[in-house]
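Scroll down for the structure; my scribbles are underneath it.
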Amino acid sequence: EVRLLESGGGLVQPGGSLRLSCTASGFNFRNFDMNWVRQAPGKGLEWVSVISNTGAIIHYSDSVEGRFTISRDNSKDTLYLQMHSLRAEDTAVYYCTKREGSSLFDMWGQGTMVTVSS
Amino acid sequence: QSALTQPPSASGSPGQSVTISCTGTSSDIGANNYVSWYQQHPGKAPKVMIYEVSKRPSGVPERFSGSKSGNTASLTVSGLQAEDEADYYCSSYGGGNNWGVFGGGTKLTVL
């Protein structure tokens with residue numbers, strides 16, 4: 001069964017840091033581009049970042065560039081999102097998603113909640 | 119403000135058809151066929167219903183169809199069923215720091 005499992009969410013103070021992980025199973029992780037997408041409480045979906053299958057190509061949304069870093073360890077089938085200088089507006093459920101060719105967000109994990117509050 | 123524009127709500131009675139629009143620009147929807155639609159039930163992760171404008175993943179009912187004209191994509195749900203009541207989001211490839219862009223979402227109510 002193809003599965004994505006996020007972890008690492010929690011409560012953090014403004015200005016703090018947090019690292020999210022996404023462990024993949026059921027498919028050859030190293031062959032697929034991966035994304036992080038977030039959803040603030042009661043709001044819509046927002047693309048955060050993408051990393052190519054080798055890690056050579058990375059893009060960020062303007063709202064997180066310079067504060068967040070996406071990375072992957074293909075030997076561990078794991079995707080990461082290192083988040084620094086967190087703000088209240090970063091509060092959201094963070095989803096790990098897998099790209100399948102022309103389907104940019106083909107498979108989604110169950111999400112992990114990040115709350116930025118003092 | 120979302121990059122793609124969707125109506126906030128749509129509704130229809132069981133058995134009817136409903137179409138949800140998604141308007142972008144010549145830099146995203148109008149520039150490629152990487153348009154997808156997602157269904158999200160409350161408290162659940164989104165699920166892809168349509169990709170590459172009009173393709174249905176395995177397991178998605180034929181009642182769901184997609185199309186595109188210029189900078190606007192559309193999702194049509196035919197033969198509405200109660201379980202179709204959910205939020206629907208469109209997405210497109212936008213390139214660079216707009217690599218992935220989403221619509222603001224449409225809440226579909228089955229009356």
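Here the protein sequences line up with chains A and B, keeping their order. Residues 1 to 118 (the numbering used here) make up the first sequence, in order. Residues 119 to 229 (the numbering used here) make up the second sequence, in order. Glycine included, C-beta positions come from ideal geometry on N, C-alpha and C. Note that the structure is a prediction, hence the values are computed from the model and not measured.
Is the CB-CB distance between residue i and residue j below 7 Å?
i, j, result
"G221/B", "L122/B", "yes"
"G44/A", "G184/B", "no"
"S209/B", "S154/B", "yes"
"Y206/B", "Q157/B", "yes"
"G111/A", "A204/B", "no"
"V178/B", "V136/B", "no"
"A92/A", "R38/A", "yes"
"S7/A", "S17/A", "no"
"V116/A", "L81/A", "no"
"G42/A", "M113/A", "no"
Buried or exposed: residue i, going by 16 or more other Cβ atoms within 10 Å of its Cβ?
i, result
"S199/B", "A small correction: the amino acid at residue 199/B is Gln; Ser does not occupy that position in the sequence shown. That one is exposed."
"K186/B", "buried"
"R19/A", "exposed"
"S61/A", "buried"
"Q124/B", "buried"
"L104/A", "buried"
"D146/B", "buried"
"G161/B", "exposed"
"H159/B", "exposed"
Residue i bridges to which residues according to DSSP?
i, result
"L81/A", "L20/A and I70/A"
"H59/A", "V50/A"
"N151/B", "Bridge partners of N151/B: none, in fact."
"Q124/B", "None; Q124/B has no bridge partner."
"K186/B", "A191/B"
"Q157/B", "K165/B and Y206/B"
Using a C-beta cutoff of 7 Å, does residue i count as contacting chain C?
i, result
"P125/B", "In the structure shown, chain C does not exist; the protein chains are A and B."
Could you list which residues in chain A have their beta carbon closer than 7 Å to that of residue i, in chain order?
i, result
"A163/B", "Y95, W108, G109, Q110 and G111"
"N189/B", "Under the 7 Å cutoff, chain A gives no residues; its nearest Cβ is about 18 Å from N189/B."
"S154/B", "S103, L104 and F105"
Which residues of chain B have a Cβ atom closer than 9 Å to the Cβ of residue i, listed in chain order?
i, result
"E65/A", "N215"
Applying a beta-carbon distance threshold of less than 8 Å, which residues of chain A neighbour residue i?
i, result
"S209/B", "L45, W47, L104 and F105"
"V219/B", "W47"
"E201/B", "Those do not exist, as E201/B stays about 19 Å from chain A at its closest Cβ, beyond 8 Å."
Applying a beta-carbon distance threshold of less than 9 Å, which residues of chain A neighbour residue i?
i, result
"E170/B", "G101, S102 and S103"
Report yes or no: do three or more beta-carbon pairs, one from the region 57-68 of chain A and one from the region 123-133 of chain B, lie closer than 8 Å? Not touching, per the Cβ criterion.
Within 8 Å, do at least three Cβ pairs link the region 95-112 of chain A to the region 163-180 of chain B? Between the region 163-180 of chain B and the region 95-112 of chain A, the count of Cβ pairs shorter than 8 Å is three or higher; the stretches touch.
Okay, do the region 48-55 of chain A and the region 25-34 of chain A touch, 3+ Cβ pairs below 8 Å being the bar? Touching, per the Cβ criterion.
Three or more beta-carbon pairs under 8 Å between the region 19-29 of chain A and the region 67-83 of chain A, yes or no? Output reads yes: the region 67-83 of chain A touches the region 19-29 of chain A.
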